[in-house]
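*Asks:* My numbering puts the first residue of the sequence shown at 8, with every later residue one more than the last. Glycine is no exception: its CB is placed at the ideal position from the N, C-alpha and C atoms.
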Amino acid sequence: MAATLIKSSGTTLITTIVITAIGFITSVITARVLGPEGRGLLSGALLIATLAGNVALFGLANSYIYHKGTGRPFRYGLYFVVSLLFVAGFSMVLGLLGMQITKEDQLHDQVLLILLLTAVTATQGYFYALSQLHHGLRFFNLMRFMLVIGNLILILVLLLFYKPVDFKMIIITQTIVSAALTIAGIVWARNNRIWEGSDASKPPVAWKSMLGYGASHHGTVVIGLLLVNFDKVALLNIGTIIEYGFYALAFTTSRLIGALQEAVSTALYSRHAGRDVHELSENVRTAFRMTFVPMLGVAAIGALVSPWFIVFVYGESFASTVIPFAVLLFECVISGASWTLAQRFNAGGRPGLVFVRQFISVLPIFIALPFQPKENIHVYLSLLMLAGGILRLSVTLVIYPTVLKERVPDLLPTAADCKAVFNFLARRQVADGKA
């Protein structure tokens, strides 16, 4: 079971490591070029566009994947066109509302550009989700790679021809890249005729079922987005743009550690959505015990070296990011473990369970938010995020015996798990040597 899981997620993991490295290089360049204030403005614009774009997805692509996985007939072509147009239009409405969370004049001066970025971010995200329709995840991984490499190349072009480079220029380059990926997604869908291949002998899917699954999945996503971003939204609203720049950089850099869990979770959903629940459950358990405790160890090492790492990479001007970065490393691993377990519910056709655990875990966080002190708010926000991650994982573990009537997943990897990892790495080295 472990060997099967590693094989299915291996390519996605390698791709994730590569794009994480490229994204990190891009982050370093933008931080050093823009400084804390400019980095804060860029992060603020990207926060609004990303939040609005992801909320607008409405679970439509995930419903497509799940029901297509069952093989049941449906008007998938019409659904594809209508849902893509809806995502683009609705995201701009949400983006306009999202602009109200900040009073920063420099962001409001670029409202049209930010709304355009929001629309292409949403459609690009739609194809990110939809491309998980294919188990190999080739186009999914290609899109992710092209996003980070495209952003890096265009930033380097800016640095070559323009002095100085401001946050508006970088927003334009990221808009161009996302628009290109959306076009690539449309071509991919047409060439693969993703709306074909249903089993006519099975009962057709009703529109109510398609939209119902999407809405249920969407509720989970929205609360998840709030949990992951409430700290940044709050800080963008009540703090200065420089404080926001510090914290946003700490959060973004801490996500580097989540590459493994992200790849495994993606592979689980793509491979098992709408299919055998028993195999799904076993693979989720394997993924959880193989990644959780080992990644906590990596987070501990990262936290220990963070005072040196942050200053060395970003410079003395970003020293205030050290403590939140260290705390958010642990939050990233714990939240990643929780999301790995959540694939048992998502891919098993019960996304409502994920919504329940998200809802339970978010309540105490929002209750505590108004009582955050004004000084060192970036530190307290990171601690609040960590508390939310711990609560979310705890609720997820409780759901297993109480709702699913399954035993709680083991925490530690087995000897067989370790052997499977070793064999996979050995085969990769042999393959690389022959290449």
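Enumerate in chain order the residues of its own chain whose CB-to-CB distance from Trp-202 is below 7 Å, with the five nearest sequence positions on each side excluded.
*Replies:* Locating residue 202 in the sequence shown gives position 195, counting from the first residue. Here the set comprises Tyr-83, Gly-84, Phe-87.
*Asks:* Identify whether Gln-379 lies in helix, strand or coil by the three-state DSSP scheme.
*Replies:* Looking up residue 379 in the sequence shown gives position 372. Of the three classes helix, strand and coil, the one that applies to Gln-379 here is coil, per DSSP.
*Asks:* Whole-angstrom Cβ separation of Gln-268 and Ala-344, contact assumed at under 8 Å?
*Replies:* Sequence index remark: in the sequence shown, residue 268 carries index 261 (1-based). Sequence index remark: in the sequence shown, residue 344 carries index 337 (1-based). Between Ala-344 and Gln-268 the Cβ distance is about 7 Å, and since that is below 8 Å, they are a contact.
*Asks:* Take Val-305 as the anchor and find which of Ser-324, Arg-357, Thr-189, Ala-266 has the nearest alpha-carbon.
*Replies:* The sequence position of residue 305 within the sequence shown is 298, counting from 1. Cα-wise, what sits closest to Val-305 is Ala-266.
*Asks:* Along the chain, which unbroken stretches of the beta strand (DSSP E) at least 3 residues long are found entirely within the segment 334-374?
*Replies:* You should have found no qualifying run.
*Asks:* Got a sec, what are the start and stop residues for the alpha helix (DSSP H) Glu-414 sits in?
*Replies:* Within the sequence shown, residue 414 is the residue found at index 407, counting from 1. A quick correction: the sequence has Arg, not Glu, at residue 414. Run containing Arg-414: none; DSSP gives neither H nor E here.
*Asks:* Should Phe-366 go down as buried or exposed, given a rule of 16 or more other Cβ atoms within 10 Å for buried?
*Replies:* Mapped onto the sequence shown, residue 366 falls at position 359. Exposed, by the Cβ-count rule.
*Asks:* Are Thr-182 and Leu-92 close, meaning C-beta to C-beta below 9 Å?
*Replies:* Position 175 of the sequence shown holds residue 182. Position 85 of the sequence shown holds residue 92. No, these two residues do not count as a Cβ contact at 9 Å.
*Asks:* Output the distance between the C-alpha atoms of Thr-77 and Leu-275, rounded to the nearest integer angstrom.
*Replies:* In the sequence shown, the residue the question calls residue 77 occupies position 70. In the sequence shown, the residue the question calls residue 275 occupies position 268. Answer to the nearest angstrom: the Cα atoms are 16 Å apart.
*Asks:* Verify whether the separation of the beta carbon atoms of Thr-273 and Gln-139 is less than 9 Å.
*Replies:* Along the sequence shown, read from residue 1 onward, the residue named residue 273 stands at position 266. Along the sequence shown, read from residue 1 onward, the residue named residue 139 stands at position 132. Against a cut-off of 9 Å, the Cβ pair of Gln-139 and Thr-273 comes out as a contact.
*Asks:* Once the 5 residues before and after Ser-324 are set aside, which same chain residues still bring their CB inside 7 Å of it?
*Replies:* Within the sequence shown, the letter at position 317 stands for residue 324. Excluding positions up to five away in sequence, the list reads Gly-42, Pro-43.
*Asks:* Within 10 angstroms of the Cβ of Thr-403, are there 16 or more other Cβ atoms? Answer buried if so, exposed if not.
*Replies:* As a working note, residue 403 is residue 396 in the sequence shown. Its Cβ being crowded by 16 or more others within 10 Å, Thr-403 is buried.
*Asks:* Quick check: the Cα distance between Ser-205 and Ala-213, rounded to an integer number of angstroms?
*Replies:* Translated into positions along the sequence shown, residue 205 becomes position 198. Translated into positions along the sequence shown, residue 213 becomes position 206. Each residue's Cα considered, the two are about 14 Å apart.
*Asks:* Starting from Ala-63, trace the alpha helix (DSSP H) both ways and give me its first and last residue.
*Replies:* Reading the sequence shown from its first residue, position 56 is the one you call residue 63. From DSSP, Ala-63 is part of no alpha helix (DSSP H); its letter is neither H nor E.
*Asks:* Suppose you measure from the CA of Lys-412 to the CA of Ile-374; what does that come to, to the nearest Å?
*Replies:* The count along the sequence shown starts at 1 and reaches residue 412 at position 405. The count along the sequence shown starts at 1 and reaches residue 374 at position 367. Rounded to whole angstroms, Lys-412 to Ile-374 spans 31 Å at the Cα level.
*Asks:* Does Ala-9 pass the burial test, meaning 16 or more other C-beta atoms within 10 Å, or should it be called exposed?
*Replies:* Position 2 of the sequence shown, counted from the start, is the residue given in the question as residue 9. Caution applies to Ala-9, whose pLDDT of 47 falls short of 50 and renders its modelled position unreliable; the value that the coordinates give is listed next. Ala-9 is buried by the Cβ-count criterion.
*Asks:* Got a sec? Which residues, its chain only, sit under 7 Å from Leu-390 by beta carbon, not counting five neighbours each side?
*Replies:* Walking along the sequence shown from the start, residue 390 turns up at place 383. Hits under 7 Å: Val-334.
*Asks:* Grouping DSSP H, G and I as helix and E and B as strand, with all else coil, what is Glu-250?
*Replies:* Sequence index remark: in the sequence shown, residue 250 carries index 243 (1-based). Glu-250: helix per DSSP, three-state reduction.
*Asks:* Got a sec? Which residues, its chain only, sit under 6 Å from His-225 by beta carbon, not counting five neighbours each side?
*Replies:* If you number the sequence shown from 1, residue 225 lands on position 218. Excluding positions up to five away in sequence, the list reads Phe-65, Gly-66.
*Asks:* So, helix, strand or coil for Pro-171, using DSSP?
*Replies:* Here residue 171 corresponds to residue number 164 of the sequence shown, with the count starting at 1. Note: Pro-171 maps to coil in three-state DSSP.
*Asks:* For the alpha helix (DSSP H) that Thr-128 lies in, which residues bound it at each end?
*Replies:* Along the sequence shown, read from residue 1 onward, the residue named residue 128 stands at position 121. Per DSSP, Thr-128 belongs to the alpha helix (DSSP H) from 118-137.
*Asks:* Please list, in chain order, all residues of the same chain as Ala-63 whose beta carbon is under 7 Å from its beta carbon, the five residues on each side excluded.
*Replies:* The residue labelled residue 63 in the question sits at position 56 within the sequence shown. Contacts found: Val-94, Phe-97, Ser-98, Leu-101, Ala-129.
*Asks:* How would you write the range of the alpha helix (DSSP H) that Ala-294 sits in, first residue to last?
*Replies:* Indexing the sequence shown from 1 puts residue 294 at position 287. Element bounds for Ala-294: 284-321.
*Asks:* Phe-253: which of Tyr-133, Val-369, Val-318 sits nearest, CA to CA?
*Replies:* If you number the sequence shown from 1, residue 253 lands on position 246. Of the candidates Tyr-133, Val-369, Val-318, the one whose C-alpha sits nearest the C-alpha of Phe-253 is Val-318.
*Asks:* Just checking my contact of Tyr-243 with Ile-108 at CB under 8 Å: how many whole Å lie between their CB atoms?
*Replies:* By one-based count along the sequence shown, residue 243 stands at place 236. By one-based count along the sequence shown, residue 108 stands at place 101. Note that residue 243 corresponds to Leu in the displayed sequence, not to Tyr. Right, their Cβ atoms sit about 6 Å apart.
*Asks:* Does DSSP put Glu-269 in a helix, in a strand, or in coil?
*Replies:* Taking the first residue of the sequence shown as position 1, residue 269 is located at position 262. Helix, per DSSP.
*Asks:* Ser-324 by DSSP, collapsed to three states: which one?
*Replies:* Within the sequence shown, residue 324 is the residue found at index 317, counting from 1. Here Ser-324 sits in helix by DSSP.
*Asks:* Return helix, strand or coil for Leu-275, following the three-state DSSP convention.
*Replies:* As a position in the sequence shown, residue 275 is number 268, starting the count at 1. Helix at Leu-275.
*Asks:* With C-beta atoms as the reference, is Leu-124 less than 9 Å away from Ala-52?
*Replies:* For the purposes of this step, residue 124 is identified with residue 117 of the sequence shown, where counting begins at 1. For the purposes of this step, residue 52 is identified with residue 45 of the sequence shown, where counting begins at 1. Result yes, Cβ atoms of Leu-124 and Ala-52 sit closer than 9 Å.
*Asks:* Use the C-beta contact count for Ala-270: other C-beta atoms within 10 angstroms, 16 or more gives buried, fewer gives exposed.
*Replies:* The count along the sequence shown starts at 1 and reaches residue 270 at position 263. Under this definition Ala-270 is a buried residue.
*Asks:* Name the two residues that bound the continuous alpha helix (DSSP H) containing Leu-114.
*Replies:* Against the sequence shown, residue 114 aligns to sequence position 107. 112-115 is the span of the alpha helix (DSSP H), which, as asked, contains Leu-114.
*Asks:* Rounded to a whole number of angstroms, what is the C-alpha to C-alpha distance between Pro-420 and Asp-173?
*Replies:* As a position in the sequence shown, residue 420 is number 413, starting the count at 1. As a position in the sequence shown, residue 173 is number 166, starting the count at 1. Their backbone Cα atoms lie some 47 Å apart in a straight line.
*Asks:* If you follow the alpha helix (DSSP H) that Val-89 is part of, which residue opens it and which one closes it?
*Replies:* Against the sequence shown, residue 89 aligns to sequence position 82. Its alpha helix (DSSP H) spans residues 83-105.
*Asks:* Output the boundary residues of the alpha helix (DSSP H) element that contains Ser-205.
*Replies:* Translated into the one-based positions of the sequence shown, residue 205 becomes position 198. Element bounds for Ser-205: n/a, residue is neither H nor E.
*Asks:* For Asp-439, which of helix, strand or coil comes out of DSSP?
*Replies:* To locate residue 439, count along the sequence shown from 1; it is residue 432. Low per-residue confidence applies at Asp-439: pLDDT is 47, beneath 50, and the placement is therefore not dependable, though the value from the model is reported in the following sentence. Asp-439 falls in the helix class under three-state DSSP.
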